[in-house]
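Under full-length UniProt numbering, the sequence shown has 56 at position 56, and the numbering climbs by one with no breaks.
Cβ atoms here follow ideal geometry from the backbone N, Cα and C, with glycine treated the same way.
Every value quoted in this text rests on a predicted model; they were computed, and no experiment measured them.
Heads up: the structure comes next, in structure tokens.
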Amino acid sequence: MGRARVAPLKNITIPIMELTAAMLSVKVDKMLRAELQLLLENSDFWTDSQAVIKYIANEHTQFHTFIANRVSTIRDNTNVSQWKYVETKLNPADDASRGLSAGRFVDGKSP
Numbered sequence: 001m002g003r004a005r006v007a008p009l010k011n012i013t014i015p016i017m018e019l020t021a022a023m024l025s026v027k028v029d030k031m032l033r034a035e036l037q038l039l040l041e042n043s044d045f046w047t048d049s050q051a052v053i054k055y056i057a058n059e060h061t062q063f064h065t066f067i068a069n070r071v072s073t074i075r076d077n078t079n080v081s082q083w084k085y086v087e088t089k090l091n092p093a094d095d096a097s098r099g100l101s102a103g104r105f106v107d108g109k110s111p
């Protein structure tokens, strides 16, 4: 999920928006698996947010409710091993926020 998504009106930090996007990707994965009714391998989830990786892997800290609810949804539906880190400049999910045109996207070119 890229940053092209509409940001909320309230001031929310980027790590919290990234965590929300991670939760959304887990929900989309779950919905697609239910609707497609196919036997699929485990999904891998890629993020350019080290904060998200640390939230998911951290089992010792008691988070604020907002964060804890998102982390709980992610942990209930995925394993920590399914989450991978990708450098921001290599993350294709952010191409929309970098001004990549549809034509260049289809051709597999970066901005």
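DSSP, reduced to helix, strand and coil, places residue 10 outside both helices and strands of the structure shown, so it counts as coil. Residue environment for residue 87: exposed (fewer than 16 other C-beta atoms within 10 angstroms of its C-beta). By the 16-neighbour rule on beta-carbons within 10 angstroms, residue 57 is exposed. By the Cβ neighbour-count rule, residue 22 is buried, with 16 or more other Cβ atoms within 10 Å of its own. Among the bridge pairs identified by DSSP, residue 85 is matched with 47. Just so you know, the alpha carbons of residue 100 and residue 91 end up roughly 12 Å apart.
The stretch 31-46 and the stretch 10-18 do not touch, with fewer than three beta-carbon pairs separated by less than 8 Å.
Per the C-alpha coordinates, the member of 53, 60 and 95 positioned closest to residue 79 is 53.
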